[in-house]
Amino acid sequence: MMQFCQEHWDDLRIEIAKAGLADAVSKDGAEAVRRFKTKDADPLLEAHNIIMVLGAKRGLVEGCPVCHVAAESGGVTDAEIIRMTVENVKERRAVALGKGGEG
Ligand SMILES: [Zn+2]
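Number 52 in numbering that gives the first Met the number 0 belongs to position 53 of the sequence shown; there are no gaps in the numbering.
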């Protein structure tokens, strides 16, 4: 089973906070699941899912997708993968919630 290592899970949470999205993170798993299909989806869960898909596309079935993708990408660091993913989530959110345009 694919699962974030503790270090990368912590890094993802920190990056979400840096992006100003900490307030939008669900208080528990049930809330995150409930919001999953809404415009106000949990940004932490969204970022997590994007990276899981990235790992799956590269054939990973076991271990941490951030570690795996960083090791295979030839130059892109783990920090960059996390940062780019969180930026992506932030942009999507802004568009979904009608705050797009200014960045
Ligand atoms: Zn990792």
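Backbone N, C-alpha and C fix where the C-beta goes; we use that ideal spot for every residue, glycine too.
The DSSP-derived three-state label of Gly-19 is coil.
In this structure, the C-beta of Val-52 stays at least 7 Å away from each heavy atom of ligand 1. With respect to Glu-6, Val-85 sits apart: the two C-beta atoms are not nearer than 8 Å. Here Leu-96 is exposed, its C-beta having fewer than 16 other C-beta atoms within 10 Å. Residue state for Met-83 is assigned as helix, using DSSP reduced to three classes. Within the model, the alpha-carbon separation for Met-83 versus Pro-42 is close to 13 Å.
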